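This report refers to the structure that appears directly beneath it.
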Amino acid sequence: MADTSVKVDDTTRDRLKALADGAGLSMKDYLAKVAAEKEHEQQLDTATAAFRRAITAPGILDRFDADFGGLPPATAHHAPRAA
Numbered sequence: 006m007a008d009t010s011v012k013v014d015d016t017t018r019d020r021l022k023a024l025a026d027g028a029g030l031s032m033k034d035y036l037a038k039v040a041a042e043k044e045h046e047q048q049l050d051t052a053t054a055a056f057r058r059a060i061t062a063p064g065i066l067d068r069f070d071a072d073f074g075g076l077p078p079a080t081a082h083h084a085p086r087a088a
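Just so we're aligned: 13 in my numbering is position 8 of the sequence shown, and the numbers increase by one with no gaps anywhere.
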């Protein structure tokens, strides 16, 4: 794949360079990593929206509880506190 250039102001370039250096990556590799992370975030946002739509469907939570027994009692998650 051929390389290309992207024009950004000096401040943005310096910020990206500092972030890349901090991650131990070249600017090219850092920007590729950021792009992949942003794509993943978008996929998660899409999945979250679909899940939210699904659980608002009438009867879906009742059906889930019937199939899987519902949530465990609240006391099952209680951890004692230190004095």
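We put the CB at the ideal spot given by N, CA and C, even for glycine.
Owing to the predicted nature of the structure, the values given are computational and were not obtained by experimental measurement.
Assuming contact is defined by CB atoms lying nearer than 8 Å, are residue i and residue j in contact in what I supplied?
i      : j      : result
Ala-25 : Ser-31 : yes
Of the choices the options, whose alpha-carbon is the least far from that of residue i?
i      : options                   : result
Asp-34 : Val-13, Leu-49 and Lys-22 : Lys-22
Mind checking if residue i is an interface residue toward chain C, Cβ cutoff 8 Å exclusive?
i      : result
His-45 : Chain labels in this structure do not include chain C; a single protein chain is all it has.
Run through the stretch 19-70 for me and flag every whole alpha helix (DSSP H) of 4 or more residues, listed as ranges in chain order.
32-60
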